[in-house]
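In my numbering, the protein residues as written are 30 to 223.
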């Protein structure tokens with residue numbers, strides 16, 4: 030995946046300016062930077078949510094799965110149905126994020142961390158080549174976060190993973206490469222192979 034001279038303004042506010050980056054295939058890449066530096070805008074461009082921008086995005090595949098910062102669960106479906114509508118293997122994924130015992134609950138009855146765990150489980154259960162996760166571990170306690178990150182490593186072997194965080198421990202534990210970002214406008218400071 031390549032981003033070539035990407036620029037994006039919101040009215041007169043320059044969020045991204047001439048930003049270029051190559052993401053390695055079949056690796057876990059962390060986009061690390063403070064809140065407000067432009068990471069989510071970049072993610073929304075890659076996902077196709079933001080369609081109007083300058084520059085060029087080269088994607089090797091259209092099969093992308095996404096974990097957004099905010100809950101995008103279907104509130105009229107229970108936990109089980111939120112996954113079973115796309116995967117028959119829902120018990121496996123619910124067990125992995127410790128939500129099996131809550132499979133009959135509706136999203137409105139879940140805590141923020143539980144919703145985020147369900148978001149992760151659902152994104153992993155889809156057929157994808159690239160998975161993008163924007164601050165995916167918000168509200169998840171440390172021990173469970175480590176378990177889920179290990180599960181993500183196992184499930185995403187030979188897949189391309191991009192995730193954003195401003196948590197150094199998450200970045201170091203999960204990623205093959207950390208891209209350090211600053212902004213706005215978004216810029217690359219340096220990178221580190223872990």
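All C-beta atoms in this analysis are idealised placements derived from N, C-alpha and C, irrespective of residue type, glycine included.
Own chain partners of residue i with C-beta closer than 6 Å, once the 5 adjacent residues on each side are dropped
| i | result |
| --- | --- |
| residue 212 | 66 and 67 |
| residue 135 | 107 |
| residue 33 | 49, 84 and 85 |
| residue 51 | 31 |
| residue 219 | 209 |
8 Å contact criterion, which residue i and residue j should meet: CB distance rounded
| i | j | result |
| --- | --- | --- |
| residue 48 | residue 215 | 5 Å |
| residue 173 | residue 102 | At roughly 18 Å, the Cβ-Cβ gap does not stay under 8 Å, so residue 173 and residue 102 are not in contact. |
| residue 60 | residue 210 | 6 Å |
Cα-Cα separation between residue i and residue j, rounded to whole angstroms
| i | j | result |
| --- | --- | --- |
| residue 118 | residue 193 | 27 Å |
| residue 73 | residue 97 | 9 Å |
| residue 152 | residue 42 | 32 Å |
| residue 30 | residue 198 | 25 Å |
| residue 69 | residue 163 | 7 Å |
| residue 55 | residue 185 | 8 Å |
| residue 57 | residue 206 | 7 Å |
| residue 39 | residue 46 | 12 Å |
| residue 36 | residue 79 | 12 Å |
| residue 53 | residue 175 | 24 Å |
| residue 181 | residue 82 | 31 Å |
Residue range of the unbroken alpha helix (DSSP H) whose run includes residue i
| i | result |
| --- | --- |
| residue 145 | 141-154 |
| residue 109 | 108-113 |
| residue 47 | No alpha helix (DSSP H) contains residue 47, which is instead part of the beta strand (DSSP E) from 42-51. |
| residue 79 | Segment: none, residue 79 is in no alpha helix (DSSP H) and carries neither H nor E. |
| residue 121 | 119-125 |
| residue 178 | 171-184 |
Nonlocal neighbours in the same chain, by C-beta distance under 7 Å from residue i, ignoring five residues either side
| i | result |
| --- | --- |
| residue 76 | 93, 95 and 161 |
| residue 112 | 119, 122, 123, 150, 151 and 154 |
Residues near residue i by beta carbon distance below 8 Å, same chain, minus five either side
| i | result |
| --- | --- |
| residue 109 | 119, 123, 132 and 133 |
| residue 177 | 125, 126, 146, 149, 166 and 169 |
| residue 179 | none |
| residue 201 | 207 and 223 |
Endpoints, the beta strand (DSSP E) within which residue i is located
| i | result |
| --- | --- |
| residue 220 | 216-222 |
Spell out a yes or no on whether the stretch 131-140 and the stretch 78-94 are touching, meaning 3 or more CB-CB pairs, one atom from each, closer than 8 Å.
The answer is no - the stretch 78-94 does not touch the stretch 131-140, with fewer than three Cβ pairs under 8 Å.
Using 8 Å as the Cβ pair cut-off and three pairs as the minimum, do the stretch 151-165 and the stretch 181-192 touch?
Under the 8 Å Cβ criterion, the stretch 151-165 counts as touching the stretch 181-192, having at least three qualifying pairs.
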